[in-house]
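From first to last, the protein sequence lines stand for chains A and B.
Throughout the first sequence, residue numbering follows the working numbering, covering 150 to 344 in sequence.
Throughout the second sequence, residue numbering follows the working numbering, covering 37 to 362 in sequence.
A virtual CB, placed ideally from N, CA and C, is assigned to each residue, including glycine.
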Amino acid sequence: MSSALPTPEHPEQPADATVVLGGPEIARALTRIAHEILERNKGGADVVLLGIPTRGLPLARRLAARLVEVEPTLDAASLVGSIDVTMYRDDLAQHPTRTIGSTDLPGAGIDGRVVVLVDDVLFSGRTIRAALDAISDLGRPRAVQLAALVDRGHRELPIRADFVGKNLPTSTTERVRVLLDETDGRDAVLIEGTR
Amino acid sequence: MKHLLSTGSLSHKQAVRILDTAGQMAATQAREIKKLPTLRGRTVVNLFFEDSTRTRISFETAAKRLSADVINFSAKGSSVSKGESLKDTALTLQAMGADAVVIRHHASGAPHTLAHSGWTNGAVINAGDGTHQHPTQALLDAYTLRRHLTGGGDPSGRDLAGLRVAIVGDVLHSRVARSNVQLLHTLGADVTLVAPPTLLPVGVEAWPAEVSYHLDEVIDTKPDAIMMLRVQRERMSSSGGGFFPSPLEYTRGYGLDARRLAAMPDHAIVLHPGPMNRGLEISADAADSPRAVIVEQVANGVAVRMAVLYLLLAGNETTNETKVDA
């Protein structure tokens with residue numbers, strides 16, 4: 150997760166949390182990103198959406214469903230995969246041991262295709278750097294693009310997103326949390342720690 | 037978890053976590069590029085005071101697949117043969133900056149001494165000590181059992197509840213049996229030890245396992261898996277060492293052959309920690325049958341040892357909470 154802070158397993162909303170995006174806004178942002186992906190790549194034939202666990206994966210699945218709505222010839226299942234970046238992180242020694250997620254590529258692999266990485270929050274860019282390393286061990290895509298639901302700034306590496314749901318100016322002391330129906334029971338983007 | 041010395045100290049949660057991590061590690065080993073950068077810059081020392089092929093190679097492979105530097109140390113041809121003590125060897129390794137020490141020693145308890153003496157700051161992983169423990173072997177056996185016997189699909193998060201496993205042979209000298217009895221019990225499996233009375237240790241009735249002297253009776257109870265132990269003739273004084281009258285008689289009573297294999301249920305699998313004494317505790321028919329997962333155990337050993345190295349070395353365990361998200 151790009152928010153770089155531990156997320157409790159059962160998040161309840163603290164008193165100081167502000168909801169910046171609700172369910173409808175998230176849905177609209179994903180629909181727009183889906184169209185942008187198709188536009189940029191002149192269709193979805195070569196596209197593979199790789200979600201970064203935990204919350205990038207449901208986002209990638211939702212994007213795939215929208216791509217199929219626009220281009221019914223696509224097959225949602227062969228569009229989506231997950232890529233775990235835990236073993237490629239540069240901050241493993243600074244945190245308690247992380248649980249390794251699963252990496253599942255679509256059957257056709259990623260060689261020669263356009264990989265769109267999907268993550269919930271883009272923050273320091275270190276998760277994406279790790280993902281780029283992971284991808285280079287898995288194959289050689291024609292291009293790699295990045296879609297993030299929220300870009301909160303404070304990049305520490307020369308990395309930018311190609312598709313952004315919402316740019317969210319934040320201070321480094323704040324926490325941005327994305328809640329999704331699939332993992333948390335509801336859709337929302339929260340900022341915590343604002344006073 | 038700072039060290040891995042014994043399966044007895046693993047909680048249910050820790051054990052399942054190691055198996056789940058091993059599952060993810062195994063998935064990376066099916067790729068074209070098997071090397072991961074996870075432990076770059078870390079040093080793992082394989083400190084082997086006792087002969088070993090598969091365990092040492094397995095640990096070496098696991099560490100190298102995670103990009104750790106590996107130093108192999110075997111007692112033969114080292115200063116140990118000049119009389120150097122474990123302490124001085126450990127201090128030397130500490131001076132060289134070992135992050136983890138994988139130790140196999142002929143004395144039960146040597147890894148425990150190393151871990152708690154302050155001679156080394158690194159994580160200590162027991163790769164077999166005397167007749168005491170061999171935790172990574174038990175973990176790879178549990179991983180193999182879980183893959184084959186807990187239903188299809190992704191076995192992540194499952195334990196071995198309700199599985200019935202028979203462990204047959206030289207329990208007295210077997211660190212594999214001790215480790216397995218504790219781990220399989222923790223994971224919810226029912227273990228039956230089968231051996232001649234002379235090859236059962238004193239106090240075995242206190243172990244969390246059933247004990248039987250008759251292999252055929254146990255096979256009639258339709259176990260889900262049977263684990264054959266090597267008869268450790270190097271730990272016995274003469275051919276049978278007085279533990280059994282003759283190899284032939286041992287084979288008749290406790291060897292797994294085609295007839296006994298046929299009497300087992302169709303789904304049951306055969307495990308052996310290796311190296312096998314073909315013709316003594318296991319016949320060639322049984323060892324080469326498709327139900328024997330002995331070669332797969334070796335492959336799983338690499339994944340399990342990668343998981344153990346990852347869990348002991350990758351994170352900073354000064355904080356005890358575990359980060360759940362990726």
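Residue i burial status per 10 Å Cβ neighbour count (16 or more: buried)
i        : result
B/Thr89  : exposed
B/His303 : exposed
B/Ser192 : exposed
A/Ala337 : buried
B/Ser53  : According to the sequence provided, residue 53 of chain B is Arg. The question's Ser does not apply to it. Classification of B/Arg53: buried, given that the 10 Å Cβ count is 16 or more.
A/Ala209 : buried
A/Met236 : buried
B/Asp363 : Examination of residue 363 of chain B is not possible in this model, given that chain B is present from 37 through 362 alone.
B/Asp56  : buried
A/Arg335 : exposed
B/Leu150 : buried
B/Leu251 : buried
B/Asn82  : buried
B/Glu86  : buried
Option in the options with minimal Cα separation from residue i
i        : options                                   : result
B/Thr156 : B/Gly291, B/Tyr286, B/Val80 and B/His48   : B/Val80
A/Leu128 : A/Ser273, A/Val267, A/Gly261 and A/Arg262 : Past the edges of chain A, shown from 150 to 344, lies residue 128 of chain A, and the structure says nothing about it.
A/Leu329 : A/Leu198, A/Pro202 and A/Ala183           : A/Pro202
A/Val169 : A/Arg324, A/Leu295 and A/Thr222           : A/Arg324
A/Leu295 : A/Gly205, A/Gly256, A/Pro245 and A/Val265 : A/Val265
A/Asp239 : A/Pro255, A/Arg275 and A/Ala225           : A/Arg275
B/Arg140 : B/Gly315, B/Ala335, B/Leu41 and B/Ala294  : B/Leu41
B/Arg67  : A/Asp311, A/Asp286 and A/Asp195           : A/Asp286
A/Ala183 : A/Pro307, A/Ala292 and A/Val313           : A/Val313
B/Met264 : B/Arg295, B/Asp226, B/Ala299 and B/Asp206 : B/Asp206
A/Lys191 : A/Arg262, A/Gly256, A/Val234 and A/Gly230 : A/Arg262
B/Asp105 : B/Lys118, B/Val116 and B/Val138           : B/Val138
B/Val240 : B/Val217, B/Asp260, B/Lys258 and B/Pro259 : B/Val217
B/Ile262 : B/Ala225, B/Leu46, B/Asp190 and B/Phe95   : B/Ala225
Within 8 Å, strictly: CB atoms of residue i and residue j
i        : j        : result
B/Asp165 : B/Gly145 : yes
A/Ile284 : A/Ile259 : yes
A/Lys315 : A/Val327 : no
B/Tyr290 : B/Glu246 : no
B/Ala58  : B/Val340 : yes
B/Leu129 : B/Ser103 : no
A/Leu228 : A/Leu241 : no
B/Leu223 : B/Ala51  : yes
A/Ala340 : A/Ala176 : The question names Ala, but residue 340 of chain A is Ile in the sequence shown. It is not a contact, given that the beta carbons lie outside the stated cut-off.
A/Leu199 : A/Leu212 : no
B/Ser319 : B/Leu284 : no
A/Gln269 : A/Gly205 : With the sequence shown as reference, residue 269 of chain A is identified as Asp, and Gln is not the correct amino acid for it. Contact: yes.
B/Pro171 : B/Ser215 : yes
B/Ala163 : B/Thr97  : no
B/Leu297 : B/Asp321 : yes
A/Thr246 : B/Ala350 : yes
B/Gly310 : B/Leu176 : no
A/Thr252 : A/Ile232 : yes
B/Arg194 : B/Arg182 : yes
B/Gln173 : B/Val212 : yes
Residues of its chain near residue i, where Cβ-Cβ distance is below 7 Å and the 5 sequence neighbours each way are ignored
i        : result
B/Val254 : Ala202, Thr228, Val230 and Ser248
B/Thr64  : Lys70 and Leu72
Residue i: first and last residue of the uninterrupted alpha helix (DSSP H) it sits in
i        : result
B/Glu317 : Where B/Glu317 is concerned, there is no enclosing alpha helix (DSSP H), given that its DSSP letter is neither H nor E.
B/Phe95  : Arg90 to Arg101
B/Glu246 : First-last for B/Glu246: Glu246 to Ser248, but that is the beta strand (DSSP E), not the alpha helix (DSSP H).
B/His184 : Pro171 to Leu185
B/Thr222 : Arg211 to Thr222
A/Val217 : Gly205 to Val219
Host beta strand (DSSP E) of residue i (start-end)
i        : result
B/Leu349 : It is not in any beta strand (DSSP E) - B/Leu349 instead sits in the alpha helix (DSSP H) that spans Ile330 to Leu349.
A/Phe312 : Phe312 to Asn316
B/Glu241 : Premise fails: B/Glu241 is in no beta strand (DSSP E) and is neither H nor E.
A/Ile340 : Ala337 to Glu341
A/Thr322 : Careful: A/Thr322 lies outside any beta strand (DSSP E) and carries neither H nor E.
A/Gly171 : No beta strand (DSSP E) contains A/Gly171, which DSSP labels as neither H nor E.
B/Leu307 : Ile305 to Leu307
B/Thr79  : Thr79 to Phe84
B/Asp226 : Asp226 to Val230
Contact set for residue i: own chain, Cβ-Cβ below 8 Å, skip 5 residues either direction
i        : result
B/Leu208 : Thr167, Ala231, Thr234, Leu235, Leu236, Pro237 and Phe279
B/Val329 : Thr180, His184, Ile305, Val306 and Leu307
Cut-off 6 Å between Cβ atoms - residues of its own chain near residue i, not counting five sequence neighbours on either side
i        : result
A/Gly193 : Leu187, Leu216, Glu220 and Leu223
B/Ala143 : Gly166
B/His48  : Thr222
A/Arg304 : Gly274
A/Ala310 : Leu271, Leu295, Ala297 and Asp300
B/Leu84  : The question names Leu, but residue 84 of chain B in the sequence shown is Phe. Answer for B/Phe84: Arg92, Ser110 and Arg140, listed in chain order.
A/Arg289 : Asp260
Contact test: residue i Cβ vs the ligand MG heavy atom, cutoff 7 Å
i        : result
B/Arg182 : You won't find the ligand MG in this model; it holds no ligand whatsoever.
>> To be precise: take each residue of the stretch 310-331 of chain B, compare its Cβ to all Cβ atoms of chain D, and keep it if any distance is under 7 Å. Which residues remain?
In response: Absent from the structure is chain D; the protein chains it does hold are A and B.
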